[in-house]
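To convert, note that position 294 of the first sequence is 303 in the numbering used here; the numbers rise steadily by one, no gaps. We put the beta carbon where it would ideally sit given N, CA and C, even for glycine. Worksheet: one structure, shown below.
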Amino acid sequence: MLDIKLIRGNPELVKAELARTGSDPTDIDRLLQCDSSRRSLQHLLDEKRARRARESKELGKVSSEERDHKRAEMRLLGDEISAGERELAELEKRFNQMMLGLRNLPRPYTPTGSSEHDNVIVRTEGEPRQFDFKPLPHWELGEKLGIIDFDRGVKLSGTRFYVLRGAGALLQRALIDWMLDLKTTEQGYLEMAPPYMVNSQTVTGTGQLPKFGDTMYRDHEDDFWFIPTAEVPLTNFYAGEILDASLLPINLTAHTPCFRREKMSAGRDVRGIKRGHQFDKVEMVKLVRPEESDRELESLVENAAEVCRRLKIAFRVVQLCSADLGNASAATYDLEMYAPGCGEWLEVSSCSTCTDYQARRAGIRFREKGGKPEFVHTLNGSGLALPRTMIAVLENYQQADGTVAVPDVLRRYMGELEVVRAL
RNA sequence: GGAGAGGUGGCCGAGCCCGGUUUAAGGCGCACGCCUGGAACGCGUGUAAACUCGAAAGGGUUUCGAGGGUUCAAAUCCCUCCCUCUCCGCCA
10 MLDIKLIRGN PELVKAELAR TGSDPTDIDR LLQCDSSRRS LQHLLDEKRA RRARESKELG
70 KVSSEERDHK RAEMRLLGDE ISAGERELAE LEKRFNQMML GLRNLPRPYT PTGSSEHDNV
130 IVRTEGEPRQ FDFKPLPHWE LGEKLGIIDF DRGVKLSGTR FYVLRGAGAL LQRALIDWML
190 DLKTTEQGYL EMAPPYMVNS QTVTGTGQLP KFGDTMYRDH EDDFWFIPTA EVPLTNFYAG
250 EILDASLLPI NLTAHTPCFR REKMSAGRDV RGIKRGHQFD KVEMVKLVRP EESDRELESL
310 VENAAEVCRR LKIAFRVVQL CSADLGNASA ATYDLEMYAP GCGEWLEVSS CSTCTDYQAR
370 RAGIRFREKG GKPEFVHTLN GSGLALPRTM IAVLENYQQA DGTVAVPDVL RRYMGELEVV
430 RAL
């Protein structure tokens, strides 16, 4: 959520920033109109309620002939108050819906653009590997080695599902374990094992609801949503709480499956394991002081980059332009690893600062000793998404004989296995 | 799923039967002050959040799990729901 005081105080700035992301700035005019009628009604009601409380209390002590007269008067006042309360509830509902519908404003350093083509490549690390044979795409490699079974995934569940087998399953597990170890030891994150289903309040806190409900899977009988990312339970872990400032920064990590309907990308990336309805991911979440958030974003990107670096796979850092930012994000850097088989730079991580946008929705605050509560800033980033990391590993480490070498850092997680051969 | 007991401020806990005398008692914790060479003890003062009026001091409203109802007036009475605990049932 945005700060209503900022919107009231500087509506032109807010409109300009919203326009930069491609959102409709006239939303702000409607919002402010609703806000002002809400406030004046609130004020009127406050006065009536104050009078009722005062005079009702006196009614208990007053003489009996005066009581009947006064009681009738109070009853009328009571009717006015309930009518006003109904009207106010309606206004507040509308106001809250509009507030929840507004996206976050971009950071000043987020470049302005109109589509993903305006994203900026910040830097590239490592050289894409050169091959003296034609590298295969992972869907061919995976099938030939017998470690990815697409047909049976479809049989079990439908399109966009697959099954990892043998060394394929082991490779993914090794990547997860290795990434978590890196996060929790050298990078200072606390590992969590959160629920994979959460309630609508939780999924509103991070900004998926109310606007993006149709991108998630949900239970039809209970109030359960399947998490689209571990960002949801991790960020909301402290929802509604006021944290002691000494706890900050809080760095959390978790490995979870992620569930996405991928309605918007129907027909895209249908080959291979790049885009599925269910995938695994190691996620990083930070809760930090507002003044630290830009510096912490750099550190988040660096934490994700280190994973690519140690896998010895070329990657680049891309800064998203204003139009390509997610709903809650104020600044985002994507990390893309090069996959020589399909010839693509694959988005393996997306690191964002959501400033106080999610903290306001979820009510996550901190307090300095003796001070007033303040909203934290929340950040999240993948560290990394497993299927795309698998693609990058398989395609970069493939050898002329059709086998795949195991990256050095993963060998101790795979029983010292050095080469993945056909099953 | 069934039965019972509960949900009150940062924490513990009284108030609920019997609506108004509670600005939510009391304690703990915390902060500040006094005391002290310094501390403990003791004493005193303060101690939530949101919204809002005000230059400030300060004031107003809301919040006793959530929502609805009764009433001039609800933490207190009624209804619905959620959650926690205990026991039972079922199940990995």
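- For D44, the enclosing alpha helix (DSSP H) stretches over residues 36–68.
- Classified as buried, N113 has 16 or more neighbouring CB atoms from the shown chains inside 10 Å of its CB.
- Here K66 is exposed, its C-beta having fewer than 16 other C-beta atoms within 10 Å.
- In the DSSP assignment, E292 falls within the beta strand (DSSP E) that extends over 287–297.
- Here L165 is exposed. Its C-beta has fewer than 16 other C-beta atoms within 10 Å.
- Non-local beta-carbon contacts of D231 in its own chain, meaning distances under 6 Å to residues more than five positions away in sequence, are absent.
- Exclusion of the five residues before and after G162 leaves F170, Y171, V172 as the residues of its chain whose Cβ lies within less than 7 Å of its Cβ.
- Classified as buried, F268 has 16 or more neighbouring CB atoms from the shown chains inside 10 Å of its CB.
- In this structure, the straight-line span from the alpha carbon of C330 to that of D343 is close to 11 Å.
- DSSP, reduced to helix, strand and coil, places E94 within a helical segment of the structure shown.
- The DSSP assignment places complete beta strand (DSSP E) segments of no fewer than 3 residues inside the region 134–221 at 199–201, in order along the chain.
- For a cut-off of 8 Å, the C-beta gap from R325 to R138 is around 14 Å, too long to register as a contact.
- An exposed status is given to V428, since fewer than 16 other beta-carbon atoms sit within 10 Å of its beta-carbon.
- The residue from L355, D253, A431 with its alpha-carbon nearest to that of K381 is D253.
- Per DSSP, reduced to three states, the secondary structure at L114 is coil, with no helix or strand assignment.
- Spatial neighbours of V418 in its own chain (CB-CB distance under 8 Å, excluding positions within 5 residues in sequence) are listed in chain order as W187, R319, L320.
- With contacts defined by Cβ atoms closer than 7 Å, K79 and L68 form a contacting pair.
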